[in-house]
Amino acid sequence: MLINKRTDTTHPEFTDYLRKRFPAFKVQKISLNAGFTCPNRDGVKGRGGCTYCNNRTFNPDYCDRRKSITEQMEEGIRFFSRKYPEMKYIAYFQAYTNTYGTVKNLQSKYEEALRIAGVAGIIIGTRPDCISDELLDCLQELNRRTFVMIEYGIESTLNETLRRINRGHTYEEAEDAVRRTAERGIPAGAHIILGLPGETRQQILQHAVRLSALPLTSVKLHQLQLIRGTVMGKEYEDHPERFQLYTADEYIDLVIEFIECLRSDIHIDRFVSQSPKELLIAPDWKLKNHEFRAKLECRLTGR
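Letter by letter, the sequence shown follows residues 7 to 309 in the numbering used here.
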């Protein structure tokens, strides 16, 4: 399939969106583990979770399900407020599926975070098959008095890939969830992994085209990382020939092409992720996130 690319590689970032949404102060996301699980972990849809997933790779130390939401938020606020005392905060319900429960229980957790001084809104990370109309109606009401955003883990627009990585949902379900969310005036984001096994470069770029047809506010990009203790990590160790891993420079080229195929008003939330060294199998670029960002910006400037 022919993919049309934009000649302009500049793209708004999610920080730009937040500056417009909160012009009077800086905001910082604080990750939370609210004690949820996932339907492909607890047996409703499957066991074991997504084959690439180990939540330890992105949860900060204070993000501990043994602590209450209030404790996690206050600990995160103490950490960030030392640098920016006037900063406000967004409670980021990040770990696992944060709409997986009764509406009453979910509302209670969201409201607990919003009662904390300095919290200006919430972002809810979830799966597209775990969002009910009843909950969307409640979030629509909440969005009228504070900032609410839903971030969907879509990961791929190919159902074959979604089956292979044990996501337990289809891309059509993702499309439906994003559209129902936007219809209620709630901004929606998408999380995509670039480089999942079996996907060609053309198919990866096609993700950008398909996502551009959805009413998305933001997209978060991650490179594929093979993590210890995961099914995919074991598959890589047994059959590395099944994987196409990118060098940092190759991934930068891929990200630039992806951006060129993405609708120009979609904000980029993240270009790359960084897992703890003790958990990472590959690829090990030996780059901090800010170092990768500098390389990417240099390449964009050159183009």
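Don't be surprised by glycine CBs; every beta carbon is placed ideally from N, CA and C.
Just so it is clear, the structure is predicted and the values come from calculations on it, not from any experiment.
Please classify G49: is it buried, with 16 or more other beta-carbons within 10 angstroms of its beta-carbon, or exposed? For the purposes of this step, residue 49 is taken as the residue at position 43 of the sequence shown. Exposed, by the Cβ-count rule.
Since L36 contacts G82 with CB under 8 Å, what's their CB separation in whole angstroms? Here residue 36 is taken as the residue at index 30 of the sequence shown, counted from 1. Here residue 82 is taken as the residue at index 76 of the sequence shown, counted from 1. It is worth fixing the name first, because residue 36 is Ile in this sequence and not Leu. Between G82 and I36 the Cβ distance is about 4 Å, and since that is below 8 Å, they are a contact.
Within 10 Å of its beta-carbon, does R25 have 16 or more other beta-carbons around it, so buried, or fewer, so exposed? As a working note, residue 25 is residue 19 in the sequence shown. Exposed is the call here.
What is the rounded straight-line gap between the Cα of A196 and the Cα of D271? One-based indexing of the sequence shown puts residue 196 at position 190. One-based indexing of the sequence shown puts residue 271 at position 265. The straight-line gap from Cα to Cα measures roughly 14 Å.
With a cut-off of 8 Å on the beta carbons, I'd call V278 and G54 a contact; round off their distance for me. Residue 278 sits at position 272 when you count from the first residue of the sequence shown. Residue 54 sits at position 48 when you count from the first residue of the sequence shown. Contact doesn't hold; Cβ gap of about 26 Å is too wide.
In the DSSP assignment, find the beta strand (DSSP E) that holds H273 and state where it starts and stops. Along the sequence shown, read from residue 1 onward, the residue named residue 273 stands at position 267. Where H273 is concerned, the enclosing beta strand (DSSP E) stretches over 273-276.
Considering just the uninterrupted stretch of the alpha helix (DSSP H) at S138, what are its terminal residues? If you number the sequence shown from 1, residue 138 lands on position 132. No alpha helix (DSSP H) contains S138, which DSSP labels as neither H nor E.
Within 10 angstroms of its Cβ, does P246 collect 16 or more other Cβ (buried), or is it exposed? Translated into the one-based positions of the sequence shown, residue 246 becomes position 240. Under this definition P246 is an exposed residue.
Any chance the CB of E161 is under 7 Å from a heavy atom of the ligand MG? This structure lacks the ligand MG; in fact it carries no ligand of any kind.
Rounded to a whole number of angstroms, what is the C-alpha to C-alpha distance between K32 and I192? Here the question's residue 32 lines up with position 26 in the sequence shown. Here the question's residue 192 lines up with position 186 in the sequence shown. Cα-Cα distance, rounded: 21 Å.
Contact defined as beta carbons within less than 8 Å: I believe K317 pairs with F28. What is the distance between those atoms, to the nearest angstrom? Residue 317 is absent from the model: the chain starts at 7 and stops at 309.
On the criterion of 16 or more Cβ atoms from any shown chain inside 10 Å, does K226 qualify as buried, or is it exposed? Taking the first residue of the sequence shown as position 1, residue 226 is located at position 220. Buried, since its Cβ has 16 or more Cβ neighbours within 10 Å.
Considering F153, what are the terminal residues of the alpha helix (DSSP H) in which it resides? Sequence index remark: in the sequence shown, residue 153 carries index 147 (1-based). Note, F153: premise wrong, no alpha helix (DSSP H); beta strand (DSSP E) at 153-161.
Secondary structure of G239, DSSP reduced to three states: For the purposes of this step, residue 239 is taken as residue 233 along the sequence shown, with counting starting at 1. Helix, per DSSP.
Closer than 8 Å is the cut-off here; do at least three beta carbon pairs connect the region 206-217 with the region 158-173? yes
For C304, count neighbouring C-beta atoms within 10 Å of its own C-beta (all shown protein chains included) and say buried if the count is 16 or more, exposed if not. One-based indexing of the sequence shown puts residue 304 at position 298. With fewer than 16 Cβ atoms within 10 Å of its Cβ, C304 is classed as exposed.
List, from N- to C-terminal side, the beta strand (DSSP E) runs of 3 residues or more that fit wholly inside the region 171-259. 194-200, 224-229
The beta strand (DSSP E) enclosing Q34, as first and last residue numbers: Counting from 1 along the sequence shown, the entry for residue 34 is found at position 28. Residues 33-38.
Is S224 buried or exposed, if buried means 16 or more other CB atoms sit within 10 Å of its CB? Counting from one through the sequence shown, the residue named residue 224 turns up at place 218. Its Cβ being crowded by 16 or more others within 10 Å, S224 is buried.
Where L286 sits in the DSSP three-state scheme: In the sequence shown, the residue the question calls residue 286 occupies position 280. Strand, per DSSP.
CB of E179 within 8 Å of CB of D135, strictly: Within the sequence shown, numbered from 1, the residue matching residue 179 stands at position 173. Within the sequence shown, numbered from 1, the residue matching residue 135 stands at position 129. In this structure, D135 lies closer than 8 Å to E179 by Cβ.
Residue span of the beta strand (DSSP E) that contains F85, given as start and end: Numbered from its first residue, the sequence shown carries residue 85 at position 79. Counting along the chain, F85 falls outside any beta strand (DSSP E), though it belongs to the alpha helix (DSSP H) covering 75-87.
What residue range is occupied by the uninterrupted beta strand (DSSP E) comprising Y98? Taking the first residue of the sequence shown as position 1, residue 98 is located at position 92. Its beta strand (DSSP E) spans residues 94-99.
For T57, the nearest candidate out of R234, H273, R276 (CA to CA): Here residue 57 refers to the residue found at position 51 of the sequence shown. Measuring from the Cα of T57, the nearest candidate turns out to be R234.
Among Q34, E256, A300, F42, nearest to M79 - alpha-carbon criterion: Taking the first residue of the sequence shown as 1, we reach residue 79 at position 73. When each option's Cα is compared against that of M79, the closest is Q34.
Helix, strand or coil: which one does DSSP assign to V125? As a first step, residue 125 is located in the sequence shown; it is residue number 119 there, counting from the start. Three-state result, V125: strand.
Can you list, in chain order, the residues of its chain whose CB lies under 6 Å from that of P221, leaving out five sequence neighbours each side? Against the sequence shown, residue 221 aligns to sequence position 215. Around P221: A188.
Roughly how many whole angstroms lie between the Cα atoms of V154 and L148? By one-based count along the sequence shown, residue 154 stands at place 148. By one-based count along the sequence shown, residue 148 stands at place 142. Approximately 7 Å between the Cα atoms of the pair.
In the structure shown, what three-state DSSP assignment does I131 receive? Taking the first residue of the sequence shown as position 1, residue 131 is located at position 125. A small correction: the amino acid at residue 131 is Gly; Ile does not occupy that position in the sequence shown. It is a strand residue.
With a 10 Å radius around its C-beta and 16 neighbouring C-beta atoms as the bar for buried, classify R309 as buried or exposed. Counting from 1 along the sequence shown, the entry for residue 309 is found at position 303. So R309 ends up on the exposed side.
If A119 sits next to I75, beta carbons under 8 Å apart, how far is it from one beta carbon to the other, in whole angstroms? Sequence index remark: in the sequence shown, residue 119 carries index 113 (1-based). Sequence index remark: in the sequence shown, residue 75 carries index 69 (1-based). Their Cβ separation, rounded to whole angstroms, is 5 Å, which keeps A119 and I75 in contact under 8 Å.
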